[in-house]
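Worksheet for the structure shown next.
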Amino acid sequence: MALKWVKYNIKYFNGDENNVTAFGESAGAGLVTSYLTSKMADNLCHKIISQSGNLLSDLYIVKEDQIAKARCLTSIMGKEISDVREMYERLLTAPVEELTAIINACSRPVVENKFEGVKQFFDEDPIVTMRENRFKKLPVVVTLNSHESALFLEKDEHGNTVYAKNFQYFIPRCLDVQNDSPRALKFAKKLRDFYFDGKDVTDEEKYLDFISDAHFARDTVMFIEYLSKFNKDTYFCLFSYSGNMNTSLMRKLGFKGATHGDLIQYVFYRKNKAAKCTEKDQKIVDFLSEAWCNFAINGLNTTISELRDENINLKQCITDLNNHLSEVDTTLSDLNEQSISFDTRLKSAESQVSKDNYLSNKLEVVETRLAAMEQQARDCNIEISNLPERRGENLVTVIINIGVLINQQIQPLT
1 MALKWVKYNI KYFNGDENNV TAFGESAGAG LVTSYLTSKM ADNLCHKIIS QSGNLLSDLY
61 IVKEDQIAKA RCLTSIMGKE ISDVREMYER LLTAPVEELT AIINACSRPV VENKFEGVKQ
121 FFDEDPIVTM RENRFKKLPV VVTLNSHESA LFLEKDEHGN TVYAKNFQYF IPRCLDVQND
181 SPRALKFAKK LRDFYFDGKD VTDEEKYLDF ISDAHFARDT VMFIEYLSKF NKDTYFCLFS
241 YSGNMNTSLM RKLGFKGATH GDLIQYVFYR KNKAAKCTEK DQKIVDFLSE AWCNFAINGL
301 NTTISELRDE NINLKQCITD LNNHLSEVDT TLSDLNEQSI SFDTRLKSAE SQVSKDNYLS
361 NKLEVVETRL AAMEQQARDC NIEISNLPER RGENLVTVII NIGVLINQQI QPLT
């Protein structure tokens, strides 16, 4: 309903109905990523920012009997109803105050059954839609905090962390494994072996890593793998910065990093947080504000934009390098095919040294620019990459890849 309202009314606020960005955090991230798979959101949304959540999360969508759930709700509202159509009308016409009073009794979406005259939000499991490449190809930014589940650590009356004992409850829903089955117990053992060397859980930091992976990282990685496989405009941000604008939870635990809800502190202004903002915190605020706004305007992440701008600036350098390499090749061929006097060879060698110095200077320019870009990311303690490209190549490989991006073939010296 909100997206439809924006579609038909945003022009009256000087907005563009054909350039709408859906932004969500946590459960909101699950909702906005649902627009990728729901036919109800067709042509209503054009870009998505998803922070700390997505539609594939076991925390977002559940497998339940929708009729039984509806019957439970109408019962809570004071009337036992068995007829499906009557239940539908009861929920459809209920006062908003009555619905908000029971909202926590039924707060997660399901794959809906088909009813005549009723449009489904999910007509199949979202993981199937993603896996089978039936989702919308929109630019998407996905973020993950380094220690998402710190916010959800269970504590006893003395403030000590309560560790889960039954690891089979952390098995992904998509595997369709019954929690009490022998197969589930085998999965649980493998989880314990991997994270805790098969021992009882006593290390709070290891346990935090485990539940952060189980509740957030696992589903996020799966989501961006499906996205990047079929959709080139996919961006991923891993946020682990610890600053004054973070919530105090990680400091109280004695750990570095960011938990659920920390990144959003740097995106939206809060007066009490702004008063504590350090110079380094402000860099994070500026970086994220520019990145998110640029993405909303043109679908490009700021860092990727800068990289592409840098590629354009490097284009002339790379062209010069290519020309020089061609000259070197021609010179070597001439030296091999012709008999040249000693004086001529000496002059040619001196000229070659001069050209090699030119080549060295150009390479230094490239190295300096790449180093500056890497240092910017290091200062902010943020890694942002355009999936599915990978990093870690040597300088020659980086230059060759940049050449490919700007349609300038580069042949290295051999």
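No gaps in the numbering here: position 182 of the sequence shown is 182 in the working numbering, and each next residue is one more. Quick reminder that beta carbons are idealized off the backbone N, C-alpha and C, glycines included.
In this structure, ILE171 sits near PHE187, with a CB-CB distance shorter than 7 Å. Judged by beta-carbon spacing, THR259 lies beyond the 7 Å limit of LEU191, meaning their Cβ atoms are not closer than that value.
Within the same chain, GLN168 come within 7 Å of LEU185 by CB-CB distance, once the 5 residues on both sides are set aside.
Taking 7 Å as the cut-off, the beta carbon of THR278 is found no closer than this to the beta carbon of ASN246. Leaving aside the five residues that flank LEU153 on each side, the residues in its chain whose CB is nearer than 6 Å to its CB run, in chain order, THR161. CA-to-CA, the gap between LYS206 and ASP197 works out to about 11 Å.
Within the DSSP secondary-structure output, VAL142 pairs in a beta bridge with SER50 and PHE236. Sequence-distant Cβ neighbours of PHE122 in its own chain, meaning closer than 8 Å and more than five residues away, are SER34, THR37, SER38, ILE61, PRO109, VAL110, VAL111 and GLU112. Under DSSP, VAL201 forms no beta bridge with any residue. Between PHE135 and THR129, the CB-CB gap stays under 7 Å. Following the DSSP letters along the chain, one finds PHE23 inside the beta strand (DSSP E) bounded by residues 21-25. DSSP places PRO172 outside any alpha helix (DSSP H), giving it a letter other than H or E. Residue range 84-93 is occupied by the alpha helix (DSSP H) that includes THR93. Ranked by how close their Cα comes to the Cα of GLN51, the residues LEU3, SER146 and VAL84 have SER146 in first place. Between the C-alpha atoms of LYS155 and LYS199 there is a straight-line separation of about 21 Å.
Contact between SER242 and THR234 fails: their C-beta atoms lie close to 27 Å from each other, not under 8 Å.
Looking at ALA22, GLY53 and LEU59, the one whose alpha-carbon comes closest to that of ALA41 is ALA22. DSSP lists PHE115 as the bridge partner or partners of VAL118. Apart from sequence neighbours up to five positions away, the residues of its chain that approach PHE295 with a beta-carbon distance below 8 Å are THR21, LYS47, ILE49, PRO139, VAL141, TYR235, ASN301 and THR302, ordered along the chain. Going by C-alpha positions, ARG85 is about 14 Å away from LEU73.
A residue is called buried once 16 or more other Cβ atoms fall within 10 Å of its Cβ, and PHE13, having fewer, is exposed.
Non-local C-beta neighbours of ALA29 in its own chain, meaning closer than 7 Å and more than five positions away in sequence, comprise SER50, GLN51, SER52, GLY53 and ASN54, ordered along the chain.
Contact annotation: ASP219 and LEU99 have beta-carbon atoms that are not nearer than 7 Å. The alpha carbon of GLY24 has as its nearest neighbour, out of ALA274, ILE284 and GLY261, the alpha carbon of GLY261.
Under the three-state reduction of DSSP, THR161 is assigned to strand. Only exposed fits ALA275, as fewer than 16 other CB atoms lie within 10 angstroms of its CB. Under the three-state reduction of DSSP output, LYS155 falls in the strand class. ASP83 and PHE115 have their C-alpha atoms some 13 Å from each other. Taking a contact as a CB-CB distance under 8 Å, the pair VAL267 and SER248 does not count as one, their CB atoms being some 18 Å apart. In the DSSP assignment, ASN9 falls within the unbroken alpha helix (DSSP H) covering 2-9. Non-local beta-carbon contacts of LEU91 in its own chain, meaning distances under 6 Å to residues more than five positions away in sequence, are absent. Put simply, of LEU44, ALA70, SER26 and ILE67 the residue whose alpha carbon is nearest the alpha carbon of ASN9 is LEU44.
Close CB contacts of LEU31 within its chain, under the 7 Å cut and outside five residues either way in sequence, are with GLY24 (chain order).
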